[in-house]
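A.B. asks: Residue numbers (the working numbering): 1 to 401. Handing you a structure now.
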């Protein structure tokens, strides 16, 4: 369904990563990544190459590096070109611009969904009713909705106390390097096109940023490496305030998105964070999700192997090594792959959902998305999430008549 294809291209950024792997003694593990992309020929429309003619026609990848902000050429195998496209052809109604604000059990079974526009808060829509409901609003959206239904509106008061207690971050660090060459353009290629494994539990991928991700520069700062958070914070602040001109140049360099290489360094080690729901002083006391450290299981905010990869990448590219300021100064982990929060268990005392993804205490209510992933998997989770969703849907009996 995802149309996974081995990436057939490599460019300057991939050369940087290969040499980084070589310097770290892991070049044997370097190679192209599988991508959910139709590579084909740019500007040439091809009859559906994935679903036996049942899917949409596709045009080949332009290698424009804009995968993260939405492929403008129709080459990426996004939901509107696989699952949703085929579902609509089979009679499913796609209702855009709807946000579910409440789930209410009905006396005769099933649920009522309260809807409004996600941005225009005063625009509401008629309620929907269904015998079975699948929550798949991403990890944060799923947790926000279920917490609200359990703790605020209390329409789903029996949801397990385990809600939000096992949230994963893919045990991840985000680091990188910024090239000093104003003329260089590292954006040619797909967002992620190559990777390597510096050790048995660590996975490193490069990332190209499109122009729409330039805002990420405000999260970057000088690379620091120290196991103690307080010392690491002081070292980072010293680098910033003792050389403010360097920080100014880091943030305001021309064509930042074309010159930066970001590494996502992921591990499958056992650590986690918890989420609670309540009023947040920094958000004008509005209710929302709040992260809470789990004693003895805290997610990493400093991965030495990631720092070593960033320093090596910077040396090879002639650039400046980068880390994320929230991690180096604030000891707050950043992740591109938030997972979990609705983990499986044998009962409501152990988990939020059972092995069929059904919420304990609420027959016909399912959580089928990244929120149900119970472990750090050390890789981009899209294929894992899709596989779990396929399995879960296969366990739901077809509707009668």
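Even glycine gets a Cβ: it sits at the ideal position worked out from N, Cα and C. Keep in mind the model is a prediction, meaning the values are calculated, not measured.
1. How far does the beta strand (DSSP E) with residue 127 in it extend, from its first residue to its last?
2. Given residue 179, which residues of its chain have a CB within under 8 Å of its CB, disregarding the five upstream and five downstream residues?
3. How far does the beta strand (DSSP E) with residue 112 in it extend, from its first residue to its last?
4. If you count every other CB in all the chains shown that lies within 10 Å of the CB of residue 244, and 16 or more means buried, which is it?
5. For residue 94, count the other beta carbons within 10 Å of its own beta carbon; 16 or more makes it buried, fewer makes it exposed. Which is it?
6. Am I right that residue 276 and residue 290 are in contact with their C-beta atoms under 8 Å? What's the rounded C-beta distance?
7. Note down the Cα distance separating residue 33 from residue 109, rounded to an integer number of angstroms.
8. Within the continuous beta strand (DSSP E) that includes residue 293, where are the two ends?
9. With distances taken from CA atoms, which of 197, 135 and 292 is nearest residue 367?
10. Scan the region 221 to 246 and note each continuous beta strand (DSSP E) run of 3 residues or more that stays entirely inside, going in chain order.
11. Whole angstroms is fine: what's the gap from residue 315's alpha carbon to residue 20's?
12. Any idea which residues DSSP pairs residue 203 with across the strands?
13. Between the region 105 to 123 and the region 336 to 351, can you find at least three pairs of beta-carbon atoms closer than 8 Å?
14. Using 10 angstroms around the beta-carbon of residue 79, count the other beta-carbons present and answer buried if the total reaches 16, otherwise exposed.
15. Considering only residues of the region 293 to 343, which uninterrupted beta strand (DSSP E) runs meet the minimum length of 3 residues and lie entirely inside it, listed in chain order?
16. Within the continuous alpha helix (DSSP H) that includes residue 89, where are the two ends?
17. Taking its Cβ as the centre, do 16 or more other Cβ atoms sit within 10 Å of residue 346, making it buried, or is it exposed?
18. Nearest CA to the CA of residue 132: which residue from 168, 157 and 105?
19. Return the Cβ separation of residue 23 and residue 312 in integer angstroms, given the expectation that the two are a contact with Cβ distance under 8 Å.
20. How far does the beta strand (DSSP E) with residue 16 in it reach, from first residue to last?
21. So, is the C-beta of residue 187 closer than 8 Å to a C-beta in chain B?
22. Do residue 125 and residue 89 count as a contact pair if the criterion is CB distance below 8 Å?
23. Kindly indicate which residue of 389, 211, 301 and 220 has the alpha-carbon position closest to the one of residue 231.
24. Counting along the chain, where does the alpha helix (DSSP H) carrying residue 140 start and finish?
25. Cutting at 6 Å between CB atoms, please list the residues of its own chain near residue 360, excluding the five before and the five after it.
26. So does the region 163 to 173 actually touch the region 34 to 46, counting three or more Cβ pairs closer than 8 Å?
27. Excluding the 5 residues preceding and the 5 following residue 335 in the sequence, name in chain order all residues of the same chain whose CB lies nearer than 7 Å to its CB.
28. Nearest-angstrom Cα distance between residue 102 and residue 152?
29. By DSSP, does residue 167 sit in helix, in strand, or in coil?
30. Does residue 147 pass the burial test, meaning 16 or more other C-beta atoms within 10 Å, or should it be called exposed?
31. For residue 365, count neighbouring C-beta atoms within 10 Å of its own C-beta (all shown protein chains included) and say buried if the count is 16 or more, exposed if not.
32. One question on the structure: do residue 191 and residue 68 come within less than 8 Å of each other, judged by their Cβ atoms?
33. Give the C-beta separation of residue 77 and residue 3 to the nearest angstrom, bearing in mind that I take them to be a contact with Cβ-Cβ under 8 Å.
34. Just tell me which of 254, 352 and 299 has its CA closest to the CA of residue 331.
35. Would the beta-carbon of residue 84 fall within 8 Å of that of residue 55?
C.D. replies: Put simply:
1. Indexing the chain shown from 1 puts residue 127 at position 127. Residues 124 to 130.
2. To locate residue 179, count along the chain shown from 1; it is residue 179. Within the same chain, residue 179 has close Cβ partners 186, 259, 260, 261, 317, 318 and 319.
3. Within the chain shown, numbered from 1, the residue matching residue 112 stands at position 112. That run of the beta strand (DSSP E) goes 111 to 116.
4. Mapped onto the chain shown, residue 244 falls at position 244. The residue in question, residue 244, is exposed, as its Cβ has fewer than 16 Cβ neighbours within 10 Å.
5. As a working note, residue 94 is residue 94 in the chain shown. Taking all protein chains shown into account, residue 94 has fewer than 16 neighbouring C-beta atoms within 10 Å of its C-beta and is therefore exposed.
6. Locating residue 276 in the chain shown gives position 276, counting from the first residue. Locating residue 290 in the chain shown gives position 290, counting from the first residue. With 8 Å as the limit, residue 276 and residue 290 qualify as a contact, their Cβ atoms being about 5 Å apart.
7. On the chain shown, residue 33 is found 33 positions in, with the first residue counted as 1. On the chain shown, residue 109 is found 109 positions in, with the first residue counted as 1. Linking residue 33 to residue 109 through their CA atoms gives a straight-line distance of about 46 Å.
8. The count along the chain shown starts at 1 and reaches residue 293 at position 293. Unbroken beta strand (DSSP E) run through residue 293: 286 to 293.
9. For this step, residue 367 is matched to residue 367 along the chain shown. Between residue 367 and the set 197, 135 and 292, the nearest pair of CA atoms involves 135.
10. Taking only runs of at least 3 residues, no beta strand (DSSP E) segment lies wholly in the region 221 to 246.
11. Residue mapping note: residue 315 aligns to position 315 of the chain shown, counting from 1. Residue mapping note: residue 20 aligns to position 20 of the chain shown, counting from 1. Rounded to whole angstroms, residue 315 to residue 20 spans 9 Å at the Cα level.
12. Stepping through the chain shown from its first residue, residue 203 is reached at position 203. Paired residue(s): 266.
13. Output reads no: the region 105 to 123 does not touch the region 336 to 351.
14. Stepping through the chain shown from its first residue, residue 79 is reached at position 79. Classification for residue 79: exposed.
15. Runs of the beta strand (DSSP E) inside the region 293 to 343: 320 to 324.
16. Residue numbering aside, residue 89 sits at position 89 when the chain shown is read from its first letter. Counted as a single uninterrupted DSSP element, the alpha helix (DSSP H) harbouring residue 89 occupies residues 83 to 89.
17. In the chain shown, the residue the question calls residue 346 occupies position 346. Under this definition residue 346 is an exposed residue.
18. To locate residue 132, count along the chain shown from 1; it is residue 132. Residue 132 has its Cα closest to that of 105, out of 168, 157 and 105.
19. Counted from its first residue, the chain shown places residue 23 at position 23. Counted from its first residue, the chain shown places residue 312 at position 312. Sure, about 5 Å apart at Cβ, within 8 Å.
20. As a position in the chain shown, residue 16 is number 16, starting the count at 1. Unbroken run through residue 16 is the alpha helix (DSSP H), 12 to 23; no beta strand (DSSP E).
21. Annotation note: the requested chain B is absent from the structure, which comprises a single protein chain.
22. In the chain shown, counting from the first residue as 1, residue 89 sits at position 89. In the chain shown, counting from the first residue as 1, residue 125 sits at position 125. Their beta carbons are not under 8 Å apart, which means residue 89 does not touch residue 125 by this criterion.
23. Sequence index remark: in the chain shown, residue 231 carries index 231 (1-based). The residue with the shortest Cα to Cα distance from residue 231 is 301.
24. In the chain shown, residue 140 corresponds to position 140, counting from 1. Unbroken alpha helix (DSSP H) run through residue 140: 138 to 147.
25. As a position in the chain shown, residue 360 is number 360, starting the count at 1. Apart from sequence neighbours up to five positions away, the residues of its chain that approach residue 360 with a beta-carbon distance below 6 Å are 160 and 348, ordered along the chain.
26. Contact fails: fewer than three Cβ-Cβ distances are below 8 Å.
27. Taking the first residue of the chain shown as position 1, residue 335 is located at position 335. Cβ within range, chain order: 169, 170 and 172.
28. Looking up residue 102 in the chain shown gives position 102. Looking up residue 152 in the chain shown gives position 152. Straight-line measurement puts the Cα of residue 152 at about 10 Å from the Cα of residue 102.
29. In the chain shown, residue 167 corresponds to position 167, counting from 1. Assigned with DSSP and collapsed to three states, residue 167 falls in strand.
30. Numbered from its first residue, the chain shown carries residue 147 at position 147. With 16 or more Cβ atoms within 10 Å of its Cβ, residue 147 is classed as buried.
31. The residue given as residue 365 occupies position 365 in the chain shown. Around the beta carbon of residue 365, a 10 Å sphere encloses 16 or more other beta carbons of the protein chains shown; the residue is thus reported as buried.
32. Counting from one through the chain shown, the residue named residue 191 turns up at place 191. Counting from one through the chain shown, the residue named residue 68 turns up at place 68. For residue 191 and residue 68, yes; Cβs fall inside 8 Å.
33. Your numbering for residue 77 matches position 77 in the chain shown. Your numbering for residue 3 matches position 3 in the chain shown. By a beta-carbon distance limit of 8 Å, residue 77 contacts residue 3. Their separation comes to about 4 Å.
34. Counting from one through the chain shown, the residue named residue 331 turns up at place 331. Taking only the C-alpha atoms, the option nearest residue 331 is 299.
35. Here residue 84 refers to the residue found at position 84 of the chain shown. Here residue 55 refers to the residue found at position 55 of the chain shown. For residue 84 and residue 55, no; Cβs fall outside 8 Å.
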